[in-house]
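Here is the structure we will look at.
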Amino acid sequence: MAVPEPRLRVAFVVPLQGPTGIYGPSCLACGQLATEQLNAHDGIAGREVELVIVDAGRQPEVVAAEVDALVTSGAVDAVAGWHISAVRQAITRRIGGRVVYAYAAMHEGRDDTPGVFMLGERPINQLLPAAHWMREELGVRRWAVVGNDYVFPRVTGTTARLALRDTASQVVSETYVPLGTRDFDGVLESLRGAEADGVVMLLMGQDAVHFNRQFARRGLDDRLARLSPAVEENTLLGGGVDAHRDLYAAAAYFDGLDTVESHALAADYHRRFGPWAPALNAVGESCYEAIWFLGRLGRRCGGVGMDAIAAFGSGTFYDGPRGLMRLDGNLLDQDVYLARADGLQFRVEEQIARTS
Numbered sequence: 554m555a556v557p558e559p560r561l562r563v564a565f566v567v568p569l570q571g572p573t574g575i576y577g578p579s580c581l582a583c584g585q586l587a588t589e590q591l592n593a594h595d596g597i598a599g600r601e602v603e604l605v606i607v608d609a610g611r612q613p614e615v616v617a618a619e620v621d622a623l624v625t626s627g628a629v630d631a632v633a634g635w636h637i638s639a640v641r642q643a644i645t646r647r648i649g650g651r652v653v654y655a656y657a658a659m660h661e662g663r664d665d666t667p668g669v670f671m672l673g674e675r676p677i678n679q680l681l682p683a684a685h686w687m688r689e690e691l692g693v694r695r696w697a698v699v700g701n702d703y704v705f706p707r708v709t710g711t712t713a714r715l716a717l718r719d720t721a722s723q724v725v726s727e728t729y730v731p732l733g734t735r736d737f738d739g740v741l742e743s744l745r746g747a748e749a750d751g752v753v754m755l756l757m758g759q760d761a762v763h764f765n766r767q768f769a770r771r772g773l774d775d776r777l778a779r780l781s782p783a784v785e786e787n788t789l790l791g792g793g794v795d796a797h798r799d800l801y802a803a804a805a806y807f808d809g810l811d812t813v814e815s816h817a818l819a820a821d822y823h824r825r826f827g828p829w830a831p832a833l834n835a836v837g838e839s840c841y842e843a844i845w846f847l848g849r850l851g852r853r854c855g856g857v858g859m860d861a862i863a864a865f866g867s868g869t870f871y872d873g874p875r876g877l878m879r880l881d882g883n884l885l886d887q888d889v890y891l892a893r894a895d896g897l898q899f900r901v902e903e904q905i906a907r908t909s
């Protein structure tokens, strides 16, 4: 009888360079904390957990090829992490159905690839209820979408346009720019003349930092609110205190979220990494969730192999730093909050979606 390897290795796919590299330190710290906590008990299904870092900040096919090589050689038993959906799609084309894949990032909707669990927020419980709140509370009805040119922003922008079409809100324009854009002069000039009350920002990482700085310098924050499902604490730090007036973010987690579960994670995180730790944010916390999700799979199913995970059925409830969550197929139903940027921090204004 074959003896299982003593370690369970996880390809931890997180960005360490490029526009989304700004999230990397938070991802690494949160992944490390989750791994240490699991290993302080029984790891995953009795096996010590080890993260194999894969840099997701490179071109999608390059990242996917490395993950494929790790899976094919048996060097890893599962895949997890935060990365853009273009990287996810490249990875699933290579390894779909061979190992479990805990995808941490907010996403555009379904991905029915066997073994993929979509653990992040999606438009129906993130962007759309946030737009409704901003219409009711702030009078923002006409939206200009500005996003990076890949699948998540484009599909999310289209979803918003179609979902708002028969409501009191509407999308009046959509503009998509390459990932890595630094100069937004043309985009901002078009916003100056747009018949819009607000901007849906579907820009990632450093692109959002550049956009916010230039947006504020042009004085557009005098009349246009901003809403993003991707802006987090590192983005605020990068932009500086003057770049974020009337900027709102929707996410399942914020540093300083006033819940018992989030306080517990914050205490553990700062005890482990100290006062100068990378920002504890939605992106990093999602990586923590993804590693712990593999732990829950192992506990419930006796392992994380494709045959074993069939026992982890839809409708499963569990608790984490985001509170109570429920697996709906391979999607996660979770509480989501809307927060306003206040200097270099977020202040939660409202809970806009609840686990059902």
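Numbering (our numbering), first residue to last: 554 to 909. For every residue, glycine included, the Cβ atom is placed at its ideal position computed from N, Cα and C. These figures come from a predicted structure and were not determined experimentally.
- In the three-state scheme derived from DSSP, where H, G and I count as helix and E and B as strand, F737 is classed as coil.
- By the C-beta criterion, the region 759-779 is judged not to be in contact with the region 712-727, since fewer than 3 inter-stretch pairs fall below 8 Å.
- Collapsing the DSSP output to three states places A628 in coil.
- When rounded, the separation of the alpha-carbon atoms in R651 and G882 is 18 Å.
- One Cα belongs to D795, the other to R714, and the distance between them is close to 30 Å.
- For secondary structure counted as the alpha helix (DSSP H) over 4 or more consecutive residues, the region 833-893 holds these complete runs in sequence order: 835-854.
- Only residues of its own chain outside the window of five on either side were considered, and among them F670, M671, L672, G673, M878 and R879 have a CB closer than 8 Å to the CB of L885, listed in chain order.
- The region 825-837 makes no contact with the region 700-714; the number of CB pairs closer than 8 Å stays below 3.
- Relative to G746, the option among H763, Y729 and L773 whose CA is nearest is L773.
- V567 sits away from V632, with the two beta carbons spaced by 8 Å or more.
- E903 and I597 have their alpha carbons spaced roughly 36 Å apart.
- Each of L800, D799 and E814 was checked against the Cα of Y806, and the nearest Cα belongs to E814.
- One thing to note: A804 has its Cβ no nearer than 8 Å to the Cβ of V730.
- In the pairwise beta carbon analysis, the region 684-693 is classified as not touching the region 617-633: fewer than three pairs are separated by under 8 Å.
- Secondary structure remark: continuous beta strand (DSSP E) runs of at least 3 residues inside the region 618-676, in chain order: 631-634, 653-656 and 669-671.
- For F705, the enclosing alpha helix (DSSP H) begins and ends at V704 to L717.
- Shown here for V616: same chain residues with a beta carbon closer than 8 Å to its own, the five before and five after excluded, namely V566, V607, D608, A609, H636, V640, A643 and I644 in chain order.
- When secondary structure is reduced to three states using DSSP, V762 falls in the helix class.
- Short of 6 Å from the beta carbon of V693, and not among the five residues preceding or following it, lie these beta carbons of its own chain, in chain order: M687, D750, G751 and A778.
- Counting along the chain, the unbroken beta strand (DSSP E) around Y801 starts and ends at L800 to A804.
- T720 carries a coil assignment under DSSP once its states are collapsed to helix, strand and coil.
- M754 carries a strand assignment under DSSP once its states are collapsed to helix, strand and coil.
- Per DSSP, the continuous alpha helix (DSSP H) segment holding R825 begins and ends at V813 to F826.
- Here the region 761-773 makes no contact with the region 865-878; the two share fewer than three CB pairs at distances below 8 Å.
- Secondary-structure assignment with DSSP links L780 through a beta bridge to V753 and Y801.
- The C-alpha of T712 is placed about 16 Å away from the C-alpha of L756.
- Counting other Cβ atoms within 10 Å of its Cβ, Q570 stays below 16 and is therefore classed as exposed.
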